[in-house]
Amino acid sequence: MNVTTKATIATIGQYVDQEVLIEGWLWNKRFSGKIGFLNLRDGTGFIQGVIAKQDVPEELFATAKGLTQETSIRVTGTVRAEERAASGYELNVTGVEVVAVTLDYPITPKEHGVDFLMDNRHLWIRSPRQRAILKIRAEIIRGMRDYLDNSGFTQIDPPILTPSSAEGTTNLFEIEYVNGEPAYLSQSGQLYMEAAALALGKVYSFGPTFRAEKSKTRKHMIEFWMIEPEMAYVTHAENMQIQEAFVKHIIRWVLEHCPQELKTLERDTEQLWKVVNEKFPVITYKEAVQILQDKGHDFPYGEDFGAPHETELTNHFDLPVFVEKWPADIKAFYMQPDPDDPTVVLGADLLAPEGYGEIIGGSQRIHDYDLLKSRYEEHELGESYNWYLDLRQYGTVPHSGFGIGLERTIAWICGIDHVRETIMMPRLLYRLYP
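Here the sequence shown is numbered in my numbering, starting from 233 and rising by one per residue.
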């Protein structure tokens, strides 16, 4: 093909009234008499190509009409603006070159069950919806890094193989280390980030975490990604302020960088702009329990919230809400007690609205050596934690941090029902997909 310009669908608006070459695949097609419509994709987006029998050689029209779904093709055509098109543009097709023919593509335009689609996840990600979600995932990561990198944070990479759990849980993936001793896949990089914060001031980790948690819900996966910032000389109150600014930055980033993808997902962007523009409410755990009881929930003080409780609380405010000062008995050993009431901790969970629930858990950490040592004894922590206690002996300072689950954040921002669609190959309970 003798063309002068190779273009992508994402940049097609730069070439109005010009002939371009698009290299991609046929997503689907529709022919009506002497005119055909080719829905093309190239990884950067989707565009409709229009081919008229009267304007092209008969052989070319026949080739286009015979194309099968997901056949890889090179298409030439003239770009024109089209307000009715989803992309705002169409391609008047003047040439089609078949690169590789696809026969019997499994995922046809008809409805398919979730199990079938998950079994074919490697192909399902080509669809407009799945592409949009993965594109938004990438932009959320970029937005997170943009905020942290431009706020003086340094990225640190903690180990994935650890000798113990960060929070003393039993939901660990155990493996045998090369010396025969047990090792575990990381559930959190937080403890290591505390060490890094005392070296570099403000740090964050970003990587996969693993929890052998037998929770078969729309919010749980076995393998997921976490961003865990940690900050020296930062209090609990300051920690919540940073979290709020961080979340607002991420949402604004997606709204500005992914308008077409949000449109594909039919996401209510007004709700997202509300999150950007309004202050997040802050309530105590005790106040949250009272709200639940006032709304008819038989919820006793001292228990963790389930999904219905988180939904009730966020519906009450219609915004992300911080629930702070939880009972110390149900939170991790390292959380700083409230000096005004040592039975609760200076920690908070951020609950996302619209039923998405907890996306962030954070706290001020215990910085007093004697207090942390007593917690070691209470929780019967072994020698593998001694290095963590050292941090309170050599240059300890008040410090805080938080962890944000990437997949839950994606599900909320995209407005989708299940976290299984938020990552390329999800690892779910009882099922290890390809």
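No residue lacks a Cβ here, since even glycine has one placed at the ideal position from N, Cα and C. These numbers come from a predicted model, not from an experiment.
Is DSSP giving residue i helix, strand or coil here?
i	result
MET463	strand
THR654	coil
ARG273	strand
ARG624	helix
PRO390	coil
THR303	coil
MET233	For MET233, the predicted structure reports a pLDDT of 45, less than 50, and the residue's modelled location is therefore unreliable. The matter cannot be settled from this model.
LYS527	coil
ASN509	helix
THR308	strand
ASN403	coil
GLY281	strand
ASN352	coil
ALA469	helix
LYS367	helix
ILE648	coil
PHE554	strand
LEU430	helix
TYR416	strand
LEU335	coil
VAL521	helix
GLU610	helix
PRO574	strand
Check whether the Cβ atoms of residue i and residue j sit closer than 7 Å, and answer yes or no.
i	j	result
LEU578	ASP570	yes
ILE254	VAL307	yes
GLU556	ALA584	no
VAL507	ILE474	no
GLY421	GLU460	yes
ILE592	ILE636	yes
TYR620	TRP558	no
LEU299	LEU258	yes
GLY375	TRP485	yes
GLU251	GLN280	no
GLY589	ALA643	no
MET425	SER437	yes
GLN625	ILE598	no
VAL514	PHE554	yes
GLU586	CYS490	no
THR543	ALA560	no
ALA313	GLY268	no
PHE442	LEU423	no
LYS261	LYS285	no
ASN403	GLU343	no
LEU545	ALA520	yes
ASN352	ILE339	yes
TYR379	HIS481	yes
GLU535	LYS367	no
ASN382	SER632	no
Spell out the partners DSSP gives residue i in its beta bridges.
i	result
PRO440	TRP457
MET567	ARG597
TRP259	Beta-bridge pairing links TRP259 to no other residue.
SER383	None; SER383 has no bridge partner.
LYS266	Answer by DSSP bridge pairing: none, since LYS266 is not bridged.
LEU253	LYS238, THR308
GLY589	ALA584
SER319	Answer is none; SER319 lacks a bridge partner.
VAL629	According to DSSP, VAL629 bridges with nothing at all.
THR516	GLU556
ASN324	VAL282, THR310
ILE244	None, per the DSSP bridge assignment.
LEU664	ARG659
VAL346	Answer is none; VAL346 lacks a bridge partner.
Is it the case that the CB of residue i approaches a heavy atom of the ligand ATP more closely than 6 Å?
i	result
VAL410	With respect to the ligand ATP, the structure shown offers nothing to examine, as it has no ligands at all.
Chain D beta carbons: is any one of them nearer than 7 Å to that of residue i?
i	result
ALA520	Absence of chain D from the displayed structure is noted, only one protein chain being present.
Can you say whether residue i is buried or exposed, counting buried as having 16 or more other CB atoms within 10 angstroms of its CB?
i	result
ARG316	exposed
HIS354	exposed
VAL629	exposed
ARG663	exposed
HIS611	exposed
ARG652	buried
SER264	exposed
ALA673	Nothing can be reported for residue 673, as the shown portion of the chain is limited to 233 through 666.
MET233	At MET233 the pLDDT is 45, less than 50, meaning the model places this residue with poor confidence; the figure from the coordinates comes in the next sentence. Looking at its Cβ environment, which holds fewer than 16 other Cβ atoms inside 10 Å, MET233 is exposed.
GLN187	Within the shown structure, residues of the chain are numbered from 233 to 666, placing residue 187 beyond reach of any answer.
Is it true that the segment 324-333 meets the segment 291-308, where meeting means three or more beta-carbon pairs spaced less than 8 Å apart? yes
| said: Count Cβ pairs between the segment 460-471 and the segment 423-430 that sit closer than 8 Å; are there 3 or more? | reply: yes
At least 3 beta-carbon pairs within less than 8 Å: the segment 291-301 vs the segment 237-249: no
Open item on the list: Assess contact between the segment 540-549 and the segment 596-609, defined as three or more Cβ pairs (one per stretch) separated by less than 8 Å. Is contact present?
Closed with: no
* Asked: Do the segment 643-650 and the segment 480-499 make contact, defined as three or more Cβ pairs closer than 8 Å?
  -> yes
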